[in-house]
Amino acid sequence: MTETIESAAQDDDRRPPREALGRPRRPRVHRAWIVAAVTFVTIIGGAAFNSLPGLLIDPLHTEFGWSRGEIGLAVSIDMALYGLTAPFAAALMDRFGIRRVVATALTLVAAGALASVWMTASWQLMIYWGLLVGLGTGSMALAFAATVTNRWFVARRGLVTGILTAAGASGQLVFLPLCAWIVDEHGWRPASVTVALAALVVVPFVWLLMRDHPADVGLAPYGGAYVAKPAPARGAARRTVSVLFKAARTGPFWLLAGTFAICGASTNGLIRTHFVPSAHDHGMPITAAASLLAVIGVFDVIGTIFSGWLTDRFDARRLLAVYYALRGISLLFLPMLMAPDVRPPMVFFIVFYGLDWVATVPPTLALCREQYGEDSAIVFGWVLASHQVGAAVVAFLGGVARDVFGSYDVVWYASGALCAVAALMSLVIRRARAASEAAGG
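Offset between the sequence shown (1-based) and our numbering: plus 606.
Structure follows, in structure tokens:
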């Protein structure tokens, strides 16, 4: 009798809630959009720190005498950990839930940003900026957006991916001018405190409004049928590594990882880290250069959302090839556009580069889904790791190049050439069916 009751209870656990069994609920706004909105705000809060490094290279160099290579190394540690944490974060979200992982990540970002106020040595910069902030932001990387999109949306996935990807740029838009003004008027420490508070403010929203799965509230994902919530996945780290080894046996993984490494090198590692100090080298005020980066954020939002829309309709491989080719051409012209004041050609570059900044994310994520199915969020996490490793390398080498050559010109030209290589790599990614037939044959 006891076994019968327990069996019946287990059957009840597998059944969807009564709302799903009866007439489907039709809320005025599907809960998936609320979860997406919270995700958007969370990424903005976590991305606040990404506004700081480019603004603080010169102040830290002036106050402590640290070389730009040392400061660039701390930024590169942050970027590398950001990427290497991402695939494990996706698996941890499967095991412990999105809310717990993201709330912890925001706390780490706040702790790292706040602790840096009292640092006196460059190794502390590497611990606070590199280790703590890198682990925190990595846990809220694009794998977070991929997990939310995969669980909560069936329809409009490309559009939602574009919107959530644009959240990082929106954080840049909000915090870059603010932090630049704070650094200019009050010094770098108040700016670091501002970033810490921005991360902490988001935590209650995550805890109160975020839900791990549509089944938690008795709903089907947007545009799809009801799916029971799966049991927590154990062995998160083992699964993450096993997915990597499985994906690494396929050619498309290396092509996606390679192109995305170049993407990171030419955006986060190059423009986000070194554009402000490079413009300052040519006599442009820090606040003006930071405002240009903020404008990139405006057009990044537009470009990424539009790229998501295009990804739902066109071949993702060809979209990537176009994006990388155009980005490479623009970087080759950038050294000629640097000037003490903001001129129309520089404004054109900023608008153009903003539209292309992370437009690569929706088609890259779409190709991960096409190639790797249920493992796509974790695979994308590893592809994102390559993005951040590429960014980390250029963040460090860019600082070294400035120390050695006295300018950033060689870095702009080299990154433009790399983007041309990425365009060619994008075109040779095979379709999933062709890849599977080759593997089977």
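Note that beta-carbon positions come from the ideal geometry of N, C-alpha and C, so glycine has one too.
Computed from a prediction, not measured in an experiment: that's the story for all the values here.
Exposed or buried, residue i, counting other C-beta atoms within 10 Å across all chains shown (16 or more means buried)?
| i | result |
| --- | --- |
| Val953 | exposed |
| Val1034 | exposed |
| Arg674 | buried |
| Arg629 | Because Arg629 carries a pLDDT of 43, less than 50, the predicted location of this residue cannot be relied on, and no value is offered for it. |
| Phe1011 | exposed |
| Ile935 | exposed |
| Val635 | exposed |
| Glu676 | buried |
| Ala834 | exposed |
| Gly870 | buried |
| Phe851 | exposed |
| Gly830 | exposed |
| Leu990 | buried |
| Leu803 | exposed |
| Pro858 | buried |
| Asp981 | buried |
| Gly651 | buried |
| Pro968 | buried |
| Met685 | buried |
| Trp729 | exposed |
| Asp818 | buried |
| Ala863 | buried |
| Ala727 | exposed |
| Gly736 | buried |
| Ala1007 | buried |
| Gly777 | buried |
| Thr668 | exposed |
| Leu1030 | exposed |
| Trp963 | buried |
| Gly671 | exposed |
If I'm right that residue i touches residue j with Cβ under 8 Å, what's the distance once you round it to whole angstroms?
| i | j | result |
| --- | --- | --- |
| Ser798 | Leu658 | 7 Å |
| Met746 | Thr873 | Contact doesn't hold; Cβ gap of about 18 Å is too wide. |
| Val812 | Val708 | 5 Å |
| Ala786 | Leu770 | Not quite, the Cβ-Cβ distance comes to about 26 Å (not below 8 Å), so this is no contact. |
| Gly576 | Gly768 | There is simply no residue 576 to check, as the chain begins at 607 and stops at 1047 in what is shown. |
| Ala1023 | Ala931 | In fact, because the Cβ distance is near 12 Å, the residues do not count as touching under 8 Å. |
| Gly742 | Gly718 | 7 Å |
| Thr966 | Tyr1019 | With a Cβ gap of about 21 Å, Thr966 and Tyr1019 do not count as contacting. |
| Asp1015 | Pro941 | 5 Å |
| Leu815 | Ile640 | 6 Å |
With DSSP collapsed to three states, give me the class of residue i.
| i | result |
| --- | --- |
| Phe920 | coil |
| Tyr832 | coil |
| Pro630 | Reliability of the predicted coordinates at Pro630 is poor, the pLDDT of 47 falling under 50, and no value is obtained from them. |
With a Cβ-Cβ cutoff of 8 Å, do residue i and residue j count as a contact?
| i | j | result |
| --- | --- | --- |
| Phe920 | Leu961 | no |
| Gly782 | Ile911 | The sequence given here has Leu at residue 782, not Gly. Result no, Cβ atoms of Leu782 and Ile911 do not sit closer than 8 Å. |
| Met732 | Leu679 | yes |
| Gly875 | Val999 | yes |
| Ile683 | Gly744 | no |
| Ala654 | Ala805 | yes |
| Thr1017 | Gly1004 | Per the sequence shown, the amino acid found at residue 1017 is Val instead of Thr. Going by C-beta atoms, Val1017 is nearer than 8 Å to Gly1004. |
| Ala826 | Val754 | no |
| Val907 | Ala772 | yes |
| Leu738 | Leu714 | yes |
| Trp860 | Pro820 | no |
| Ser992 | Ala867 | yes |
| Pro665 | Val801 | no |
| Arg923 | Ser1013 | no |
| Tyr734 | Ala721 | yes |
| Val760 | Tyr688 | no |
| Val823 | Arg637 | yes |
| Val985 | Val849 | yes |
| Gly979 | Pro693 | no |
| Leu926 | Thr856 | no |
| Leu898 | Val948 | yes |
| Ala1028 | Thr879 | no |
| Ala972 | Thr893 | no |
| Phe958 | Leu943 | no |
| Asn756 | Ala983 | yes |
With a threshold of 8 Å between beta-carbons, can residue i be considered close to chain D, or not?
| i | result |
| --- | --- |
| Ala826 | Absent from the structure: chain D. Only one protein chain is present. |
For the 8 Å Cβ check, are there 3 or more pairs between the segment 692-704 and the segment 790-809?
-> no
Decide yes or no for the touch test of the segment 922-939 against the segment 843-850: beta carbon pairs closer than 8 Å, at least 3 of them.
-> no
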